[in-house]
Amino acid sequence: MEGKNDKQLCTRIDRLFNEALKRYALINDGDRILIGLSGGKDSMALLQLMAQRSRIFKPRFNVEATFVKIKNIPYQCDENYLHDFAESLGINLHVLETSFDESTDHRHTHCFLCSWNRRKRLFSAAKELGCNKIALGHNKDDIIQTALMNLTFEGQFASMRPMMKMNKFDMTIIRPLCLIRESELKEYAEVQAFHKQMKNCPFEDASRRHDMKGIIERLEEMNPEFSYSCFHAIMKE
70 MEGKNDKQLC TRIDRLFNEA LKRYALINDG DRILIGLSGG KDSMALLQLM AQRSRIFKPR
130 FNVEATFVKI KNIPYQCDEN YLHDFAESLG INLHVLETSF DESTDHRHTH CFLCSWNRRK
190 RLFSAAKELG CNKIALGHNK DDIIQTALMN LTFEGQFASM RPMMKMNKFD MTIIRPLCLI
250 RESELKEYAE VQAFHKQMKN CPFEDASRRH DMKGIIERLE EMNPEFSYSC FHAIMKE
């Protein structure tokens, strides 16, 4: 049985999710939205929240889900559990495969190449399924980390937007979890009893994003309002 604090957390998650949908006009009547399900807490929360929201009368939209496997990266995930999870929400899950050869591109990190190739397969799947939008599970912390990584390594203060139209691909990217902190989603996953999936990525701990998390933690020790201020500045750009 959920306790009072659990109910408050779920109410807060739902409120922030719906606030993002409304503030950034992320969904419209007739949308067909593809969600990339990885087995992580963010994508599972996103699929659950979007599935629940799709049952509300206005706006009316449809949801599809995909799980993209990178054949040459050892990332273990219980596909049967993901199928059952999606089915319990009334959502079709499409399992896809792709791969990449890191030896052909020395300019980018393994994390970039893995993410980029997953994203390409997600775009092609969206087209195949007749979707006009792709919903990604990036949370507020992801957006802040990306901004600081771009500032540090690229010399520009830019990050992921809640909605981005990709005219080249005739596709729109939306990020409905953009107002929710990673710590909140972690608690939410525990309350909802999402099965934690095993990850064996050999590059995760060595990533710039992993390093940036530690830097942000130190900045929040200096100023507890840092993440709020940084996110506000990003959205003004």
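For the sequence shown, our numbering gives the first residue as 70, with consecutive numbering after it.
Note that beta-carbon positions come from the ideal geometry of N, C-alpha and C, so glycine has one too.
Straight through space, the alpha carbons of Lys-110 and Phe-263 are spaced by roughly 7 Å. DSSP places Phe-86 inside the alpha helix (DSSP H), whose first and last residues are 73-92. Of the residues assessed, Glu-133 falls on the buried side of the cut-off, its CB having 16 or more other CB atoms within 10 angstroms. The residues Ala-120, in chain order, have a CB closer than 7 Å to that of Gly-159 in the same chain once the five nearest residues on each side in sequence are set aside.
Per DSSP, reduced to three states, the secondary structure at Gly-206 is coil, with no helix or strand assignment.
By alpha-carbon distance to Asn-186, the top candidate from Leu-165, Ala-204, Leu-288 and Asp-100 is Leu-165. With contacts defined by Cβ atoms closer than 8 Å, Leu-217 and Ile-284 form a contacting pair. By the C-beta criterion, the segment 122-132 is judged not to be in contact with the segment 145-153, since fewer than 3 inter-stretch pairs fall below 8 Å.
Per DSSP, reduced to three states, the secondary structure at Gly-283 is helical.
In this structure, Leu-246 lies near Gly-206, with their beta-carbon atoms less than 8 Å apart.
For Asp-111, the enclosing alpha helix (DSSP H) starts and ends at 110-122. Around the beta carbon of Ala-195, a 10 Å sphere encloses 16 or more other beta carbons of the protein chains shown; the residue is thus reported as buried.
If you check the CB distance, Tyr-257 and Leu-78 come in under 8 Å. For Asn-131, the pairing in a beta bridge is given by DSSP as Arg-101. Check the Cα spacing between Lys-255 and each of Glu-88, Glu-197 and Leu-115: the tightest is with Leu-115. Here Ile-303 is not near Ala-204, since their CB atoms are 8 Å or more apart. Rounded to the nearest angstrom, the gap between the Cα atoms of Glu-148 and Met-291 is 42 Å.
Per DSSP, Lys-234 lies in no alpha helix (DSSP H) segment; the continuous beta strand (DSSP E) that holds it begins and ends at 232-235.
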